[in-house]
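Asker: Going by UniProt numbering, the first residue of the sequence shown is number 1, and it counts up by one from there.
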Amino acid sequence: MRVRRAMSVKTVSKMAEEMTKTTIQTQATTSKITSATGTPSIVRWPAFLRWIPTSTQQIIASEQRLLSTVKTPYVQEEVNIGSGPPGSKVRWFRSSSSEPRFINTVTFEPPAENGSSAPTLVMVHGYGASQGFFFRNFDALASRFRVIAIDQLGWGASSRPDFTCKSTEETESWFIDSFEEWREVKNLDNFILLGHSFGGYVAAKYAIKHPEHVRHLILVGPAGFTTETDQKNEWISKFKTTWKGAIINHFWESNFTPQRIVRSLGPWGPNLVRKYTNARFGTHSTGDTLNEEESNLLSDYVYHTLAAKASGELCLKYIFSFGAFARKPLVQSAPEWKVPTTFIYGCYDWMDFEGAQEARKNMNVPVEIIRVPR
């Protein structure tokens, strides 16, 4: 039986500082690209002639350009996790359910002096994101950890199977089971699992189901810990009774996603994403802003990951109700917790830390809640 040791508060606090650092990185990296597909190039219309000017190759190329701002060398690979479930159809990346699915993975090795003693940190992105969103965190974290970041199934440059889930249970299994299949192929064990936002929800659910593989769980602004029945959230229920709320709730339950808007705009989609990125991480940012190069590279990357075929994004209505309230709140799973856990919330985090405080009351493992100051 393996004995898991909880990370020290000092170590986790240091990680919290590193996760919030936004030091500008401009030196290009020497990257090694490893492909597991061996698939020959497909002749496509030039991007400027397509209604939605994106492709699989452009997602990967935009990822490489964004990660060129990271100093630490990395390896990118498409990890084969086998074919999809019976009856599913895999398009865009693959043509049928008998074809394998791939999880896009980047790995940053720690400095030589740390050797094999450096712990492995696996990072899981949130909704509407991909592993490249962590690009400003990789250098700091890779100085102390072997960092592995993935695109969840149906996101980023990973395979995008048709999303056929019709329930919360099926949707959770879509992400949890594909992550476990990826872990088995990578032969990982005793690793630190970090999930951000929706990725925190997935990471928590995975750690509950497979605690034997996780050394420590880090949830950064995790979704799923607040409920609509909380007194402070009663305004959502009242808003749903208004005509505006009813319309918005209808769109939510119809699975009308932001990505759908980007696709519908065709060749005008990149401009919309650029304006959003510049506002979100520039003029309206509460922290250090991106420089012009980073902003352009991130905008390009975000567009290609959002405009690609709808897949994982369609999980939204099955996991959350309107207002981003979990249909199966993680607070209810607190007694099942078996892994030492650290919660990290930013000072302007839109996820409420009080949900974690409530869950901690019923967790029988070491728990730390860190609120990062300005």
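The beta-carbon is built from N, C-alpha and C at its ideal position, and this holds for glycine as well.
Out of T168, K361, D139 and W182, which has the shortest C-alpha to C-alpha gap to S158?
Answerer: Comparing Cα positions, the closest option is W182.
Asker: Taking only the alpha-carbon atoms, compute the straight-line gap between E368 and N187 and give it to the nearest angstrom.
Answerer: Looking at the two C-alpha atoms, the distance is approximately 29 Å.
Asker: For V79, which residues from the same chain have a beta carbon less than 7 Å from its beta carbon, with the 5 sequence-adjacent residues on both sides left out?
Answerer: A36, F102, I103, T105, W182, V185 and K186, listed in sequence order.
Asker: Just tell me which of I150, K209, Y345 and A61 has its CA closest to the CA of S173.
Answerer: Looking at the Cα atoms, K209 is the closest of the given residues.
Asker: Take the Cβ of Y206 as the centre, count every other Cβ of all protein chains shown within 10 Å, and call the residue buried at 16 or more, exposed below.
Answerer: The residue in question, Y206, is buried, as its Cβ has 16 or more Cβ neighbours within 10 Å.
Asker: Compare the Cα-Cα distances from V70 to each of L298, E354 and N249 and report the closest residue.
Answerer: The option with the nearest alpha carbon to V70 is L298.
Asker: Using a Cβ-Cβ cutoff of less than 8 Å, which residues in the same chain neighbour Q357 once the five nearest sequence positions on both sides are dropped?
Answerer: Once the five neighbours on either side are set aside, the close Cβ partners of Q357 are I369.
Asker: Buried or exposed for G355, please, with buried defined as at least 16 other CB atoms from any protein chain shown within 10 angstroms of its CB.
Answerer: Classification of G355: buried, given that the 10 Å Cβ count is 16 or more.
Asker: Nearest-angstrom Cα distance between residue 392 and C165?
Answerer: In the structure as shown, the chain starts at 1 and stops at 374, and residue 392 therefore has no counterpart that could be examined.
Asker: Per the DSSP calculation, R371 is bridged to which residue(s)?
Answerer: Answer is Y345.
Asker: Using CA atoms only, rank isn't needed, just tell me which of E99, E170 and P73 is closest to G82.
Answerer: The shortest Cα separation from G82 among E99, E170 and P73 belongs to E99.
Asker: Output needed for R374: all residues of its chain with C-beta closer than 7 Å, excluding positions within five of it in sequence on either side, in chain order.
Answerer: Closer than 7 Å at the Cβ level, and outside the excluded window around R374, lie C347.
Asker: Using alpha carbons as the reference points, say which of A140, G323, E77 and K338 lies closest to D352.
Answerer: Nearest C-alpha to D352: G323.
Asker: What's the call for I261, buried or exposed, on a 16-neighbour Cβ count within 10 Å?
Answerer: Exposed: under 16 other Cβ atoms inside 10 Å.
Asker: Cα separation between D162 and S311?
Answerer: For D162 and S311, the distance between alpha carbons rounds to 6 Å.
Asker: Does the contact criterion of 3 or more C-beta pairs under 8 Å hold for the region 197–206 versus the region 300–314?
Answerer: Not touching, per the Cβ criterion.
Asker: Considering only the alpha carbon of each residue, which of S55, W235, A223 and L121 lies closest to R327?
Answerer: It is A223.
Asker: Can you list the beta strand (DSSP E) stretches of 3 or more residues lying completely in the region 202–248, in chain order?
Answerer: Within the region 202–248, the complete beta strand (DSSP E) runs of at least 3 residues are 214–220.
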